[in-house]
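Those sequence lines, one after another, are chains Z and A.
Heads up: the first sequence is residues 1 to 249, going by the working numbering.
Heads up: the second sequence is residues 1001 to 1216, going by the working numbering.
Glycine included, C-beta positions come from ideal geometry on N, C-alpha and C.
Quantities reported herein were computed from a predicted structural model and do not represent experimental measurements.
Below: the structure, in structure tokens.
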Amino acid sequence: MPHCQPEQLALAALREPLPADDAAHLGSCAECRAEVAALQRAVDAVAVPEFAEPGPPVAPPASVWAGIAAATGVQATPGGTASDAEPAAPAVTAPAAAGGQVLPLRRSRRTVVLVAAAAITGAVVGAGAVALLQGEDSLEPLTTVALEPLDGEPASGRAEVVVRPDGSRALEVDLDAPPVEDAYYEIWLIEPGVVDMVPLGVLRPGTQTFELPAGLDLAAYPIVDVSVEPLDGDPTHSGVSVARGQIES
Amino acid sequence: MTGVLDRAARLGSVGTVNPDPVPVPHGSAEPDDAEVGRRFAAGDEQALALAYARWAGQLHGMAVRAFGPGPDAEDVTQQTFISAWTGRARYNPEQGPLPAWLVGVCRHKIADTWARRDRQRREAEAAVSEAQATPAGGTTPPVDSVVTDRMLVLDELERLGQPQRGIIELAFFADLTHAQIAERTGIPLGTVKSHIRRTLERLRTRLEVDGAALPA
Ligand SMILES: [Zn+2]
């Protein structure tokens, strides 16, 4: 076989698997391997986990903004002078949810769950949310959650936590949303810090029931989230949420 | 649903290939991200505050992941915003969303911190070996060539236009295959492959010209 195509060698430098004949040639051709190694120097230089797509958000202390304001002379504050309707500074204000109340999710602006996270980092799940787990066994919904569209997305619905006579729990979801192409809806339970999340499954418009894992503490995962997932084989949350609700008592 | 899918393409992706198509009335009470980006580029101070409110958590999360919570991470986050603001002329809203650009600036600040630490380490070791009068036969602390390479690659990435930058960043930092990149961006597979090839060649050249020589 002749040498590999230059494009294939570039993909090899990115450590993508090659077609069998390319891979076989590469195994036996020092020239092509040297080419891959030369291209790989740049790949390796930045292949560190610290550079990966942002992971869990962390609210910086207020001193960070103070330093920025001091250095730039900017008078505006992230505290919400932009809008009378909604404060814009969840990332820096520590949500002092003194009464142990779950902070209401902010809606209508961010659809990126990882950023929205900062808005509710530190929220405390209170007694109310825990209490719903102690309702009597019945098929009556323990709680009903309205799924509100995020950022004007045409997706909404509701979710109900039900307990069956045998004690098992399920989430019944009614989703009103248009079909998506090359993507699908997925439903998640997310903890208030929006770091940990439990995928419940693929969701389609209409009514479906999802089994809740035995022992899952709903008070720890009170956010019911509907995301749009591209068909990319990546099992993690895409970051694109279209509807949300919060389990409350 | 194209709106959602367009957004899906931008997210994740640091780099993005499509400018935000959604026009937002100026003066809207709640400017969308694209509007914040445009105002940021135009020097609107409120946009800096809005950008901080929306993305400081994400950037600080990166900094904390690199250095743990504390002064180093806080410094990275702070320097990211200061440097982004003072260097806002380098941000072109048509070339991608502001948060993606901020993430790129944050990577630079993280790499700067590593480079500074590497320099301090070498200076300290050099001082020690000088004090011990050790002959320099192969024990001189080497310049960490990866540290240098990293800065050069990040610098060269900043010089790339779109869609090249978005494509290579998806490959580097989102760990997507070329097929996934094509799917996510809507750019034809062959085009993605040739952009990847040309960008890696360009990075190789930059490293060969400006980087430390590697043993042959
Ligand atoms: Zn060959």
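Query	Result
Among Z:Ala30, Z:Glu229 and Z:Val145, which residue has its Cα nearest to the Cα of Gln1180 (chain A)?	Z:Glu229
Would Leu216 (chain Z) be called buried (16 or more neighbouring beta carbons within 10 Å of its own) or exposed?	exposed
Tell me whether Gly152 (chain Z) sits in a helix, a strand or coil according to DSSP, three-state version.	coil
Answer yes or no: the CB of Glu31 (chain Z) versus the heavy atoms of ligand 1, is any distance below 7 Å?	yes
Determine, using beta carbons only, whether Phe1040 (chain A) comes closer than 8 Å to chain Z.	no
Counting contacts by CB-CB distance shorter than 8 Å, is Leu14 (chain Z) in contact with chain A?	yes
Between the segment 24-32 of chain Z and the segment 1030-1040 of chain A, are three or more C-beta pairs nearer than 8 Å?	no
Less than 7 Å between the CB of His3 (chain Z) and some heavy atom of ligand 1, yes or no?	yes
Taking its Cβ as the centre, do 16 or more other Cβ atoms sit within 10 Å of Leu231 (chain Z), making it buried, or is it exposed?	exposed
By the DSSP assignment, the beta strand (DSSP E) with Pro199 (chain Z) in it spans what residues?	Met197 to Leu203
Mind checking who Gly157 (chain Z) pairs with in its DSSP beta bridge?	Z:Leu147 and Z:Leu175
Buried or exposed: Ser227 (chain Z), going by 16 or more other Cβ atoms within 10 Å of its Cβ?	buried
Taking 8 Å as the CB-CB limit, is Glu7 (chain Z) close to chain A?	yes
With Pro149 (chain Z) and Pro178 (chain Z) assumed to form a contact (beta carbons below 8 Å), what rounded beta-carbon distance in angstroms separates them?	Not really, about 12 Å apart at Cβ, beyond 8 Å.
Work out the CA separation of Asp1144 (chain A) and Ala219 (chain Z) for me, nearest whole Å.	48 Å
Between which residues of its own chain and Val1064 (chain A) is the CB-CB distance below 7 Å, once the five residues before and five after are set aside?	Ala1073
For Asp234 (chain Z), tell me which candidate among Z:Tyr221, Z:Val195, Z:Glu186 and Z:Leu171 has the shortest Cα-Cα distance.	Z:Glu186
Got a sec: is the Cβ-Cβ distance from Val92 (chain Z) to anything in chain A below 8 Å?	The predicted model places Val92 (chain Z) with a pLDDT of 31, which falls under 50 and marks its position as unreliable, so this point remains unresolved.
Quick check on Met1062 (chain A): buried or exposed, where buried means 16 or more other Cβ atoms within 10 Å of its Cβ?	buried
Is Ala62 (chain Z) close to chain A, meaning its C-beta is less than 8 Å from at least one C-beta of that chain?	no
Which value, in whole angstroms, describes the spacing of the CA atoms of Val1036 (chain A) and Ala47 (chain Z)?	30 Å
Give the straight-line distance between the Cα atoms of Thr1199 (chain A) and Ile1168 (chain A), rounded to the nearest whole angstrom.	7 Å
Against chain A, does Ala45 (chain Z) count as a neighbour if the rule is that its beta carbon must be under 8 Å from one of theirs?	yes
Whole angstroms is fine: what's the gap from Ala1111 (chain A)'s alpha carbon to Glu1183 (chain A)'s?	30 Å
When you check each C-beta in the segment 1046-1067 of chain A against every C-beta of chain Z, which residues fall closer than 9 Å?	Gln1046, Ala1047, Leu1048, Ala1049, Leu1050, Ala1051, Tyr1052, Ala1053, Arg1054, Trp1055, Ala1056, Gly1057, Gln1058, Leu1059, His1060, Gly1061, Met1062, Ala1063, Val1064, Arg1065, Ala1066 and Phe1067
Counting only Cβ pairs nearer than 9 Å, list the residues of chain Z close to Gln1180 (chain A).	Pro230, Asp232, Gly233 and Asp234
Could you check what DSSP says for Tyr221 (chain Z) in three-state terms: helix, strand or coil?	coil
At a cut of 8 Å, does the segment 1106-1124 of chain A reach the segment 70-77 of chain Z through at least three beta carbon pairs?	no
For Thr209 (chain Z), report the span of its beta strand (DSSP E) as first-last.	Gly206 to Glu211
For Ala1115 (chain A) and chain Z, any beta-carbon pair shorter than 8 Å?	no
Figure out for me which residue from A:Ala1049, A:Tyr1052 and A:Gln1058 has the closest Cα to the Cα of Glu53 (chain Z).	A:Gln1058
Just to confirm, is the Cβ distance from Arg158 (chain Z) to Thr144 (chain Z) under 8 Å?	yes
Considering just the uninterrupted stretch of the alpha helix (DSSP H) at Ser1145 (chain A), what are its terminal residues?	Ser1145 to Arg1159
Please state whether DSSP places Glu181 (chain Z) in a helix, a strand or coil.	coil
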